[in-house]
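Note sheet for the following structure.
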Amino acid sequence: MKHALVKPLIKTSSLDPSGYKNYRQVCNLGFVSKIIEKVVTDQLKSYLYANNLDDEVQPAYKKNHSTETTLLEVVSDIYSSIDQHQGMILMLLDLHATFDTVNYDILVGQLARRLGIKGVVLQWLNSYLRTRTQTVTIMDAISVLAELFLGVPEGSVLRLLLFVLYVFPLSDIARQHGVSIHSYGDDTQLYISFYHRDLSSISKAVKTLECCIDDIGIWMLRNWRHHVTAPSCRFNIQQGR
439 MKHALVKPLI KTSSLDPSGY KNYRQVCNLG FVSKIIEKVV TDQLKSYLYA
489 NNLDDEVQPA YKKNHSTETT LLEVVSDIYS SIDQHQGMIL MLLDLHATFD
539 TVNYDILVGQ LARRLGIKGV VLQWLNSYLR TRTQTVTIMD AISVLAELFL
589 GVPEGSVLRL LLFVLYVFPL SDIARQHGVS IHSYGDDTQL YISFYHRDLS
639 SISKAVKTLE CCIDDIGIWM LRNWRHHVTA PSCRFNIQQG R
């Protein structure tokens with residue numbers, strides 16, 4: 439139930455097969471375990487909707503939402519800003535390998551504190567995440583069994599939903615700074631409007647976005663310490679540009 443068989447597949451035939459980064463990790467899990475995960479996922483979603491706990495700016499796990507609807511919403515916000523004779527700074531935040539570096543203790547704690555998940559449900563999710571194993575198979579060769587200590591399970595039905603619940607605080611940080619945010623999985627867009635004819639408005643928008651990025655960096659270091667590099671950015675504002 440907790441064991442995965444990993445088969446590395448080359449992403450495209452044009453890539454160098456000797457490069458490890460050119461392979462996609464295809465993870466096969468047991469059929470019965472996926473059925474159970476589907477039931478749990480549906481129940482978790484129903485619980486989030488019923489208690490207004492879902493994040494409106496993170497539609498990755500929601501029905502009738504996709505990367506296309508996310509793009510349309512961001513573009514619509516940009517056009518609305520232009521219609522109001524404003525400019526916009528857009529920051530694209532791509533979180534690399536974050537699915538594989540989720541800390542179990544932090545995730546379980548957040549499920550309890552932020553979402554009110556307790557009792558048998560929390561015990562089941564805690565058990566589901568821990569003591570998982572995997573082996574890698576290449577042609578007829580099979581690796582030794584390895585235990586996983588981080589990350590939401592590759593190939594699982596619950597993977598995306600659990601990750602989204604883990605990164606809920608990103609939306610809180612953006613809102614505290616007055617920065618608009620829209621995400622889909624591990625891809626996040628941060629943006630803020632300014633009056634393009636007002637240099638002070640531009641400087642204020644830049645400073646606000648920089649502070650927001652700094653706080654996101656601090657949050658990442660606390661939650662993914664030793665696994666990711668915190669983002670940083672600084673803009674150079676010049677008159678007339």
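Numbering-wise (my numbering), the sequence shown opens with residue 439 and increments by one.
All residues carry an ideal CB built from backbone N, CA and C; glycine is no exception.
What three-state label does DSSP hand residue i in the structure shown?
i: Arg570; result: strand
i: Ile576; result: strand
i: Met455; result: Reading off the sequence shown, one finds Pro at residue 455, where the question assumed Met. Three-state result, Pro455: coil.
i: Pro591; result: coil
i: Lys556; result: coil
i: Val444; result: strand
i: Phe687; result: A question about residue 687 goes unanswered here, because the residues of the chain that appear run from 439 up to 679.
i: Met439; result: coil
i: Thr450; result: coil
i: His664; result: Caution applies to His664, whose pLDDT of 45 falls short of 50 and renders its modelled position unreliable; the model cannot decide the point.
i: Phe601; result: helix
i: Leu596; result: coil
i: Gly616; result: coil
i: Gln677; result: Confidence at Gln677 is low in this model, with a pLDDT of 46, below 50, so the placement of that residue should be treated as unreliable; the coordinate-derived value is given next. The answer is coil: DSSP assigns Gln677 none of H, G, I, E or B.
Hey, how far is the Cα of residue i from the Cα of residue j?
i: Glu648; j: Val590; result: 30 Å
i: Leu509; j: His503; result: 11 Å
i: Ile544; j: Arg597; result: 16 Å
i: Asn466; j: Asp538; result: 16 Å
i: Leu603; j: Asn541; result: 12 Å
i: Phe601; j: Gln496; result: 11 Å
i: Asp653; j: Ile611; result: 7 Å
i: Tyr566; j: Pro446; result: 24 Å
i: Ser631; j: Ser621; result: 18 Å
i: Glu475; j: His523; result: 48 Å
i: Leu608; j: Asn661; result: 12 Å
i: Thr536; j: Leu563; result: 19 Å
i: Leu553; j: Ser451; result: 44 Å
i: Phe710; j: Val512; result: No information on residue 710 is available, as it lies outside the stretch 439 to 679 that the chain covers here.
i: Asp454; j: Leu486; result: 44 Å
i: Ile448; j: Ala442; result: 19 Å
i: Gln561; j: Tyr629; result: 38 Å
i: Phe606; j: Val477; result: 22 Å
i: Lys501; j: Thr507; result: 11 Å
i: Glu592; j: Ile555; result: 23 Å
For residue i, which beta-bridge partners are listed by DSSP?
i: Asp625; result: Asp532 and Tyr622
i: Glu585; result: Thr571
Using a Cβ-Cβ distance under 8 Å, would residue i count as near chain B?
i: Lys445; result: No chain B appears in the structure shown, which is made up of a single protein chain.
Complete runs of the beta strand (DSSP E) confined to the segment 458-546 [at least 3 residues]: Fully enclosed beta strand (DSSP E) runs of no fewer than 3 residues occupy 461-466 and 525-532 of the segment 458-546, in order along the chain.
Touch test, the segment 527-540 against the segment 613-627, Cβ-Cβ under 8 Å, three pairs minimum: In this structure the segment 527-540 touches the segment 613-627; the number of beta carbon pairs closer than 8 Å is three or more.
contact_flag[the segment 564-582, the segment 449-461] where n(CB pairs < 8 Å) is 3 or more: Output reads no: the segment 449-461 does not touch the segment 564-582.
Three-pair Cβ contact test at 8 Å for the segment 603-615 versus the segment 640-657: The segment 603-615 vs the segment 640-657: in contact.
The segment 517-527 in contact with the segment 558-577 per 3-pair CB rule at 8 Å: No, the segment 517-527 does not touch the segment 558-577.
At least 3 beta-carbon pairs within less than 8 Å: the segment 487-496 vs the segment 471-479: By the Cβ test, the segment 487-496 is not in contact with the segment 471-479, since fewer than three Cβ pairs between them sit closer than 8 Å.
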